[in-house]
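What follows is one structure encoded as structure tokens, with my remarks underneath.
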Amino acid sequence: MSNPLDFTEKPTLLVVDDTPDNLSLMSGLLRGDYKVKLAHNGERALQIALGDAPPDLILLDIMMPEMDGYEVLRRLQADPRGRYIPVIFLTAMNAAEDEKIGLDLGAVDYISKPINPAIVLARVHNHLQLKLARDFLQNQNAFLEQEVAKRTREVVAIQDVTIRAMASLAETRDNETGNHIRRTQHYVKALAEHLAPHPRFSAELSPSNIESLFKSAPLHDIGKVGIPDRILLKPGKLDPDEFEIMKTHTTLGRDAIVHAELELGQSIPFLSYAKEIAYSHQEKWDGSGYPEGLSGEAIPLSARLMAVADVYDALISRRVYKPAFPHEKAVEIIRAGRGSHFDPDIVDGFLAIAERFQRIALQYADGDAAVAAEAERLARDFPLEHVAVAARN
Numbered sequence: 082m083s084n085p086l087d088f089t090e091k092p093t094l095l096v097v098d099d100t101p102d103n104l105s106l107m108s109g110l111l112r113g114d115y116k117v118k119l120a121h122n123g124e125r126a127l128q129i130a131l132g133d134a135p136p137d138l139i140l141l142d143i144m145m146p147e148m149d150g151y152e153v154l155r156r157l158q159a160d161p162r163g164r165y166i167p168v169i170f171l172t173a174m175n176a177a178e179d180e181k182i183g184l185d186l187g188a189v190d191y192i193s194k195p196i197n198p199a200i201v202l203a204r205v206h207n208h209l210q211l212k213l214a215r216d217f218l219q220n221q222n223a224f225l226e227q228e229v230a231k232r233t234r235e236v237v238a239i240q241d242v243t244i245r246a247m248a249s250l251a252e253t254r255d256n257e258t259g260n261h262i263r264r265t266q267h268y269v270k271a272l273a274e275h276l277a278p279h280p281r282f283s284a285e286l287s288p289s290n291i292e293s294l295f296k297s298a299p300l301h302d303i304g305k306v307g308i309p310d311r312i313l314l315k316p317g318k319l320d321p322d323e324f325e326i327m328k329t330h331t332t333l334g335r336d337a338i339v340h341a342e343l344e345l346g347q348s349i350p351f352l353s354y355a356k357e358i359a360y361s362h363q364e365k366w367d368g369s370g371y372p373e374g375l376s377g378e379a380i381p382l383s384a385r386l387m388a389v390a391d392v393y394d395a396l397i398s399r400r401v402y403k404p405a406f407p408h409e410k411a412v413e414i415i416r417a418g419r420g421s422h423f424d425p426d427i428v429d430g431f432l433a434i435a436e437r438f439q440r441i442a443l444q445y446a447d448g449d450a451a452v453a454a455e456a457e458r459l460a461r462d463f464p465l466e467h468v469a470v471a472a473r474n
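In structure tokens, the structure reads:
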């Protein structure tokens, strides 16, 4: 197995000194083991160091005219291309304060003139090995970060697919067409983003929580998988007993998500919102909803958002048993429910972005084929009731 701290080719050194004899001396000492580049002033040193083929290490004289070694190092440290090139100062200045200045600026070592060849070679070798080790760790960290990001994307994708599959399972048994889930998901996100600065909601509607709301919204009617077909697919109005059974979809949905969370053995933010939405999205601000008759802020915020999204979509959507209301009519109905059915501040937020709701509805509109297919399914499953409803409409 190869050593990750071995150079695959000769390392490149840059020697910077304003004295030609010193450049010649250092070149002769180093060229046997390294590729050596020479610069006689600070400007030339920076051109080489920040060019297309930067050196692996720089040996830098301090006392130079126009731009001294300290300034060269400052500029290297200020540029991302030169920040991580190790710099060893070569100088006849032996005062401890001079050495401290250089090290504080970012130099990795200090070699005094006149140089000792053995010391120079040893220091260069050691710092090149340190650079190799640092570069190796940086590359490993970058690789691990990429792998973590990749695995995270995969987990998120699996979550999204699972949610979509669960939501679609409920949808295939309902009398609603395909894009209802997608529309309500985007309504909730749009409404939450608009209300995020509001003093009543800002603490909860952080960007991460809004993303969790977006993910959880498709599960609002997951409990309908537990409602008998004779009730769930009935095109006509439900009688009181049937409606009582239909109302249990909120509890069935919440319990199904609780069970899934227990199976996972941990709490997941979007499932917490999914439980709230599934259980409480039929509650009303004035306490006349179900399943618990909660009122006001006792209703979770996630469910209050979903209530507006769900009702708006029901109003503007065409069904085999009802025509679609115009957007303007749906807006007026929701406005009329301010303070009774819906949280007043959420209604105000909805009214402020009602046109955005309309754009979402148009973007994810159901096609005629989807509605026709649903009509055919209901006619097949409930032929007599369907004919009666069709005649009434």
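Just remember that the working numbering sits 81 ahead of the position in the sequence shown, which is counted from 1. Heads up, the beta-carbon is just placed ideally off N, CA and C, and yes, glycines get one too. Note that the structure is predicted; figures quoted are calculated from it, not measured.
- Boundaries of the beta strand (DSSP E) harbouring K118: 116 to 120, taken from the DSSP string.
- N260 counts as buried, since no fewer than 16 other beta carbons sit within 10 angstroms of its beta carbon.
- Exclusion of the five residues before and after L106 leaves I196 as the residues of its chain whose Cβ lies within less than 8 Å of its Cβ.
- Nearest to Q266 by C-alpha distance, out of S383, I192, A341, is S383.
- Judged by pairs of C-beta atoms under 8 Å, the stretch 120 to 139 touches the stretch 92 to 101, as three or more such pairs exist.
- For S287, same chain residues with a beta-carbon under 8 Å away, outside a window of 5 residues either side, are A277 in chain order.
- With a beta-carbon spacing of about 6 Å, A359 and T331 fall inside the 8 Å limit used to define contacts.
- Each of L110, L386, L209 was checked against the Cα of G430, and the nearest Cα belongs to L386.
- Taking the Cβ atoms as the reference, G187 lies roughly 10 Å from Y151, outside the contact range of under 8 Å.
- R437 and L343 have their alpha carbons spaced roughly 37 Å apart.
- Using a C-beta cut-off of 8 Å, the stretch 306 to 314 makes no contact with the stretch 365 to 376, since fewer than three inter-stretch Cβ pairs fall below that distance.
- Just so you know, the alpha carbons of V168 and R234 end up roughly 40 Å apart.
- Contact between I414 and A405 does not hold, since the beta-carbon distance rounds to 13 Å and is not under 8 Å.
- Selection P92, I441, R164 evaluated against A271 yields I441 as nearest (Cα-Cα).
- Taking E357 as the centre and dropping the five residues before and after it, the same chain places the C-beta of P381, S383, A384 closer than 7 Å to its C-beta, in chain order.
- The alpha-carbon of D216 is positioned some 24 Å away from that of L119.
- Around the beta carbon of E226, fewer than 16 other beta carbons lie within 10 angstroms, which makes this residue exposed.
- Check the Cα spacing between A199 and each of H208, L110, H340: the tightest is with L110.
- Taking the Cα positions, I166 is about 25 Å away from D102.
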